[in-house]
Every structure is written in structure tokens, then in C-alpha cells.
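Student:
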Amino acid sequence: MSALLCGIPQFLARRRSKPQENTTYLEGVPVNSEKKTVVSAKVDPFDSASSSASTIAIPPTTTAKPAEKAPETKSQRALTVASKGQYALVDDFPAPELQHEKEVVIRNYAVGLNPIDWKSVDYNFCLPAFPWVTGREMAGVVEKVGSEVKGCKVGDRVWTSTYYRDARAGCFQELVTVPAHTVSHIPSNISFEEAACLGVAALTAGMTLWKWLDVPLPSAPAATSEEYLLVWGGSAVTGQFAIQMAKLGGLNVIAVCSERTKSMTEELGAKVVTRDGKSNEEIIEELRSIAGENITRVIDLVGNSTAVAALKTVSKTKPVHFAPLAMMKDQVVEGHITVHTVEMKRFVLDEESDKWSQELNTLIESGKLRLPKIEVMNGGLEAVEAGLERIKKGDMGGVKVVVSLA
């Protein structure tokens with residue numbers, strides 16, 4: 373890895389905190405008082421149409437001013453999508469350059485893998501052109517900053533969440549260029565590999581709860597509450613984060629998961645209903661027997677059938693916020709239910725969204741947020757395809773796969 377440092381002092385670039393014990397190493401649309409059909413979550417939560425008064429352009433088109441930087445690297449290694457369903461590992465992919473004075477170039481040390489990574493390639497969506505670089509979360513060391521960047525400098529350990537429309541931001545490459553407001557310092561008590569799991573699952577859970585579902589921030593929790601958050605798919609990595617954040621915000625949590633992951637989910641603070649050998653109707657009955665009329669917030673992480681089932685568990689008398697984070701077809705809902713389309717691209721497009729990553733960092737630094745079990749695959753970019761195949765098989769059981777490039 374030392375050959376890739378490009379002028380960054382080695383003690384800065386390779387500094388790691390002691391990993392947490394759970395790391396192992398391997399080779400919204402509101403609905404009025406009438407019933408109404410709504411279309412909810414899209415396949416890719418990073419690509420749903422909306423507008424905002426405070427946004428930035430992706431990719432930017434302005435010319436960069438002089439930047440603080442390490443020596444230039446003209447080309448790099450990258451795992452590209454060469455054509456539909458086909459990857460190509462290349463050694464001479466153009467190194468991303470600054471195109472805006474508020475951008476940061478990061479040397480990639482660890483990349484988190486997610487289902488959207490293999491789905492977009494297999495089903496040919498979220499790929500604006502070929503070749504393209506995918507990958508949506510990573511951690512590394514700042515290599516170059518634009519002249520207007522504040523708060524981070526060359527040599528800082530950082531993590532980020534990226535947006536697929538800019539190939540320079542794809543995380544399956546050695547150098548990644550992103551807007552400065554999406555760059556967060558890595559908490560001192562976690563490693564690069566652990567930080568690489570924050571940009572999708574943790575950030576999605578946090579923004580869904582705090583921005584869309586009206587869950588109190590842990591810094592200002594509800595005093596007491598009878599209300600529940602339902603997480604259908606509670607052992608998924610996003611579900612694990614959501615359970616903890618809701619508990620820290622003062623809510624009760626009830627989750628649906630498998631018998632195999634029941635203990636882990638309970639340890640995070642949720643009441644659990646297992647799904648093994650049960651119909652959705654049986655699960656609904658169990659959920660309502662525990663929570664009664666108090667399920668007022670719902671996250672579904674599984675799919676259309678469970679999203680529809682989850683709607684049958686919610687309170688009939690209190691306002692309800694519902695976020696189907698997988699995919700849900702047209703569905704008629706009652707007027708007291710607000711269905712939210714969670715748009716994670718807002719983290720990149722809205723400059724003020726860095727408040728959510730700062731909240732995450734505070735929770736991690738203070739030890740209040742437990743990270744999922746992480747399996748680190750060594751081998752660099754060559755290991756990414758094998759890691760995605762593992763996720764594709766669906767046998768991870770709440771384990772996060774991260775590839776180390778260090």
C-alpha cells in the first residue's frame with residue numbers, strides 16, 4: 373500500500389484505531405383524509421425524483437481554484453462496469469480530478485458492499501454510461517482538497533456516502549472525489565473498515581428516522597412514549613442501526629426477523645416476532661398483540677408483500693409515518709398514514725445534510741451506537757466481485773461485508 377500513498381505521510385495514511393470486537397477478517401408523500409393510492413419506494417433510494425431549495429449540482433461544472441494537494445496521480449486502478457452485467461478491473465482508469473473548489477479527493481482504504489451494488493449491474497439501472505464505476509460508501513485518507521474546503525485537510529481519516537451519477541464518486545476505485553459536505557471524520561474509536569459501513573446502512577437508518585419518520589434525535593429524546601417503531605427486517609444492517617437509534621430517541625421498537633438472528637436483534641433493544649414458518653397474517657397478529665394501537669412508525673426492509681403486511685399493523689387512531697425502504701407497488705392507504713419515499717441522494721445534493729453524519733459520529737464516538745458484525749475481505753478491488761456474490765446469495769444474516777484496499 374505504501375506505493376499508493378502519493379506523498380501522504382505514512383503515519384497519517386496508515387493510522388488505524390483498534391477495531392471493535394465484532395470485526396472479523398477473512399481472505400415522503402403525505403396522504404389526505406380520503407383513501408388514496410400512492411406509489412412508494414423505488415428500487416434505488418439514491419435515485420428518486422424530487423427538488424430542494426438548497427442543492428448542489430452533480431457533477432459540478434465550475435473550474436477548480438488552486439487546491440491543497442498531494443502529487444498528481446494521472447491514472448489508477450478501478451473495478452469498472454464495462455457493459456451490462458460485466459465488470460472489468462483496469463489499471464489505467466483516469467484518476468478523478470477536482471471540478472469544484474468545494475470537492476475532496478480521498479485515497480480509498482476500505483469500501484462497504486451493498487445489495488444495490490450488484491442489483492444495478494445485473495439489472496442495468498443507475499448506470500449512466502459505460503464504462504462506469506459503482507460503489508456507494510467508503511473510508512480512507514484525504515489526498516486533495518479544493519480551495520474553499522473547510523473542516524478537513526490532506527491526511528485526515530474520513531468516510532463518505534456517494535451518489536451514482538458521478539463516476540468520480542464511485543467507490544470501487546482507488547481515488548474517490550466527492551463534495552466536501554459529504555465527508556466526515558472517522559471517529560477515533562473505529563477503524564477504516566468499520567467506518568466503511570456507515571455511508572449506506574447507518575446513514576439511511578438515521579436520515580429515515582430523523583428526517584422522514586419524525587423520530588426524536590438521541591440528543592433530545594422523548595421523555596416517555598408508548599409509541600413503537602416497527603422494523604420489518606430487523607436483523608438487516610440498516611435495521612440494526614434503526615433499532616438502536618429509535619431506542620436512543622425514546623421510542624419502543626418491535627422487529628420482525630428470523631429465529632437465527634432473534635438474540636442479536638433483542639440485544640439491540642427490540643421486542644422480536646420471528647417469521648420462521650409463519651404467514652404474514654400470523655406475524656401481523658403477533659405484532660398487534662404486543663404493541664396494540666401504538667405502532668406509529670414503520671420501516672420495511674424486505675419487499676412489497678411485507679410492506680403491505682406492515683400497513684396492517686399500524687395504529688388506527690394515531691398519525692402514522694411509513695417508509696418502505698425496499699420496494700412497494702401501488703397501495704391504498706388510510707388518510708392518517710403518511711408514506712415517505714426515502715431519498716438518500718438528498719445527503720449528497722443538500723449541503724446542510726452533513727448534520728446527519730455529524731449526529732452519527734457523535735453516537736459512535738460516545739459508544740452509544742453498536743456497529744454490526746463486519747467481515748473484512750482482503751485483496752483490494754480484486755475481492756469486490758466475490759464479496760458481492762456472497763451478498764447476492766443472501767446468507768449474510770446481518771453481517772456487513774467490507775473490502776480492505778489497504
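Note that the sequence shown covers residues 373 to 778 in the numbering used here.
Ideal Cβ positions, reconstructed from N, Cα and C, are used throughout, including at glycine.
(1) Out of V756, E639, L620 and T685, which one is the CA nearest neighbour of N652?
(2) Taking the alpha carbon of S607 as the point to measure from, which residue in T633, G457, R529 and D767 has its own alpha carbon closest?
(3) Roughly how many angstroms separate the alpha carbons of S725 and M510, rounded to a whole number?
(4) Let's test the definition: count the other Cβ atoms within 10 Å of the Cβ of E515 and tell me whether it reaches 16, buried, or not, exposed.
(5) How many angstroms separate the CA atom of A429 from the CA atom of K522?
(6) Report all residues from its chain with a CB closer than 8 angstroms to the CB of L697; omit the five preceding and five following residues, and keep chain order.
(7) Can the beta-carbon of I763 be found less than 8 angstroms from the beta-carbon of P487?
(8) When burial is assigned at 16 or more other CB atoms within 10 Å of the CB, is N750 buried or exposed?
(9) What residue from L732, G641, V603 and R508 has the CA that sits closest to V756's CA?
(10) Measuring CA to CA, which of I667, T549 and D528 is closest to H472?
(11) To the nearest whole angstrom, what separates the beta carbons of W490 and T452, a pair I think is in contact under 8 angstroms?
(12) Would you tell me roughly how many angstroms separate the C-alpha atoms of H557 and D528, rounded to the nearest one?
(13) I need the boundaries of the alpha helix (DSSP H) containing T610, first residue and last residue.
(14) Around the C-beta of A501, are 16 or more other C-beta atoms found within 10 angstroms, so that it is buried, or is it exposed?
(15) The beta strand (DSSP E) with K643 in it runs from where to where?
(16) Just tell me which of L777, L732, G766 and G769 has its CA closest to the CA of V748.
(17) Pull up the DSSP beta-bridge partners for Y600, would you.
(18) Compare the C-beta of Y536 against all C-beta atoms of chain B and say whether one is closer than 8 angstroms.
(19) Determine the direct distance from the alpha carbon of A552 to that of C524, and round the result to whole angstroms.
(20) Short check: CB of F564 to CB of Y481, under 8 angstroms?
(21) Going along the chain, which residues of its own chain have a beta-carbon closer than 8 angstroms to the beta-carbon of Y600, five neighbours each way excluded?
(22) Kindly indicate which three-state DSSP category F497 falls into: helix, strand or coil?
(23) What is the rounded straight-line gap between the Cα of G759 and the Cα of K690?
(24) Between K740, N496, P744 and Y536, which lies nearest to F719 when the distance is taken from Cα to Cα?
(25) Report buried or exposed for N733, applying the criterion of at least 16 other Cβ atoms within 10 angstroms of its Cβ.
(26) Report the start-end ranges of each alpha helix (DSSP H) in the segment 541–601 that is 4 residues or longer and not cut off at the edges.
(27) May I have the straight-line CA-CA distance separating I615 from S533, to the nearest angstrom?
(28) Specify, as a first and last residue, the run of the alpha helix (DSSP H) that Q730 falls within.
(29) Based on the DSSP secondary-structure assignment, which residues constitute the bridge partners of V636?
(30) According to DSSP, what are the bridge partners of V775?
(31) Are there 16 or more other CB atoms within 10 angstroms of the CB of A595, so buried, or fewer, so exposed?
(32) Could you check the C-alpha separation between E657 and S635 for me, to the nearest Å?
(33) Use the C-beta contact count for P466: other C-beta atoms within 10 angstroms, 16 or more gives buried, fewer gives exposed.
(34) Below 6 angstroms CB to CB, which residues in the same chain sit around G605 once its five sequence neighbours on both sides are set aside?
(35) I think K740 touches P590, with their Cβ atoms under 8 angstroms apart; what is that distance to the nearest whole Å?
(36) Mind checking which residues open and close the alpha helix (DSSP H) that includes A511?
Tutor: With the structure as the only source:
(1) Working through the sequence shown from its first residue, we reach residue 652 at position 280. Here the closest residue by C-alpha is T685.
(2) Start at 1 with the first residue of the sequence shown, and residue 607 comes out as number 235. Comparing Cα-Cα distances from S607 to each of T633, G457, R529 and D767, the minimum goes to T633.
(3) Locating residue 725 in the sequence shown gives position 353, where the first residue counts as 1. Locating residue 510 in the sequence shown gives position 138, where the first residue counts as 1. Cα to Cα, S725 sits roughly 18 angstroms from M510.
(4) Walking along the sequence shown from the start, residue 515 turns up at place 143. Under a 10 Å Cβ-count criterion, E515 is classified as buried, with 16 or more other Cβ atoms of the shown protein chains found around its own Cβ.
(5) In the sequence shown, residue 429 corresponds to position 57, counting from 1. In the sequence shown, residue 522 corresponds to position 150, counting from 1. Because A429 sits at a pLDDT of 43, beneath the cut-off of 50, its placement in the model cannot be relied upon, and the point is left open.
(6) Taking the sequence shown and counting its residues from 1, the one referred to as residue 697 is at position 325. Closer than 8 angstroms at Cβ, skipping near neighbours: A413, P417, T576, T580, T610, I671, D672, L673 and V714.
(7) Here residue 763 corresponds to residue number 391 of the sequence shown, with the count starting at 1. Here residue 487 corresponds to residue number 115 of the sequence shown, with the count starting at 1. It is a contact, given that the beta carbons lie within the stated cut-off.
(8) The residue given as residue 750 occupies position 378 in the sequence shown. Per the 10 Å Cβ criterion, exposed.
(9) Position 384 of the sequence shown holds residue 756. Check the Cα spacing between V756 and each of L732, G641, V603 and R508: the tightest is with R508.
(10) To locate residue 472, count along the sequence shown from 1; it is residue 100. Nearest of I667, T549 and D528 to H472, Cα basis: T549.
(11) Against the sequence shown, residue 490 aligns to sequence position 118. Against the sequence shown, residue 452 aligns to sequence position 80. 15 angstroms between Cβ atoms; not a contact.
(12) For the purposes of this step, residue 557 is identified with residue 185 of the sequence shown, where counting begins at 1. For the purposes of this step, residue 528 is identified with residue 156 of the sequence shown, where counting begins at 1. Approximately 7 angstroms between the Cα atoms of the pair.
(13) Reading the sequence shown from its first residue, position 238 is the one you call residue 610. Run containing T610: V609 to L620, per the alpha helix (DSSP H) assignment.
(14) Position 129 of the sequence shown holds residue 501. Counting every other CB atom within 10 Å of its CB across the protein chains shown gives A501 a total below 16, marking it as exposed.
(15) Your numbering for residue 643 matches position 271 in the sequence shown. K643 to T646 is the extent of the beta strand (DSSP E) around K643.
(16) By 1-based counting over the sequence shown, the position of residue 748 is 376. It is L777 whose Cα lies nearest to the Cα of V748.
(17) Counting from 1 along the sequence shown, the entry for residue 600 is found at position 228. DSSP, once it has assigned bridges, lists N624 and I667 as partnering Y600.
(18) Of the protein chains in the structure, only one exists, and it is not chain B.
(19) The sequence position of residue 524 within the sequence shown is 152, counting from 1. The sequence position of residue 552 within the sequence shown is 180, counting from 1. Rounded to whole angstroms, C524 to A552 spans 8 angstroms at the Cα level.
(20) For the purposes of this step, residue 564 is identified with residue 192 of the sequence shown, where counting begins at 1. For the purposes of this step, residue 481 is identified with residue 109 of the sequence shown, where counting begins at 1. Contact flag set, yes.
(21) Taking the first residue of the sequence shown as position 1, residue 600 is located at position 228. For Y600, where only same-chain residues beyond five positions count, the Cβ hits under 8 angstroms are L623, N624, V625, I626, A663, N666, I667, T668 and R669.
(22) Reading the sequence shown from its first residue, position 125 is the one you call residue 497. Coil.
(23) For the purposes of this step, residue 759 is taken as the residue at position 387 of the sequence shown. For the purposes of this step, residue 690 is taken as the residue at position 318 of the sequence shown. Distance between the alpha carbons of G759 and K690: 43 angstroms.
(24) Residue mapping note: residue 719 aligns to position 347 of the sequence shown, counting from 1. Of the candidates K740, N496, P744 and Y536, the one whose C-alpha sits nearest the C-alpha of F719 is Y536.
(25) As a working note, residue 733 is residue 361 in the sequence shown. With 16 or more Cβ atoms within 10 Å of its Cβ, N733 is classed as buried.
(26) 564–567 and 575–579
(27) Residue numbering aside, residue 615 sits at position 243 when the sequence shown is read from its first letter. Residue numbering aside, residue 533 sits at position 161 when the sequence shown is read from its first letter. Taking C-alpha positions only, I615 is separated from S533 by approximately 21 angstroms.
(28) Position 358 of the sequence shown, counting from 1, holds the residue named residue 730. D726 to E737 is the extent of the alpha helix (DSSP H) around Q730.
(29) Taking the sequence shown and counting its residues from 1, the one referred to as residue 636 is at position 264. In the sequence as displayed, the identity of residue 636 is Met instead of Val. Its beta-bridge partners do not exist; DSSP assigns none.
(30) As a working mapping, residue 775 is identified with position 403 in the sequence shown. According to DSSP, V775 bridges with V483 and M749.
(31) What you label residue 595 is simply residue 223 of the sequence shown in a count that begins at 1. When all chains shown are included, A595 counts as exposed.
(32) Locating residue 657 in the sequence shown gives position 285, counting from the first residue. Locating residue 635 in the sequence shown gives position 263, counting from the first residue. So the two alpha carbons sit approximately 21 angstroms from each other.
(33) Locating residue 466 in the sequence shown gives position 94, where the first residue counts as 1. Exposed is the call here.
(34) Start at 1 with the first residue of the sequence shown, and residue 605 comes out as number 233. Result list for G605: G611, L673 and V674, in chain order.
(35) As a working mapping, residue 740 is identified with position 368 in the sequence shown. As a working mapping, residue 590 is identified with position 218 in the sequence shown. Yes, they are in contact, since the Cβ atoms of K740 and P590 sit about 7 angstroms apart, within 8 angstroms.
(36) Reading the sequence shown from its first residue, position 139 is the one you call residue 511. Note, A511: premise wrong, no alpha helix (DSSP H); beta strand (DSSP E) at E509 to V517.
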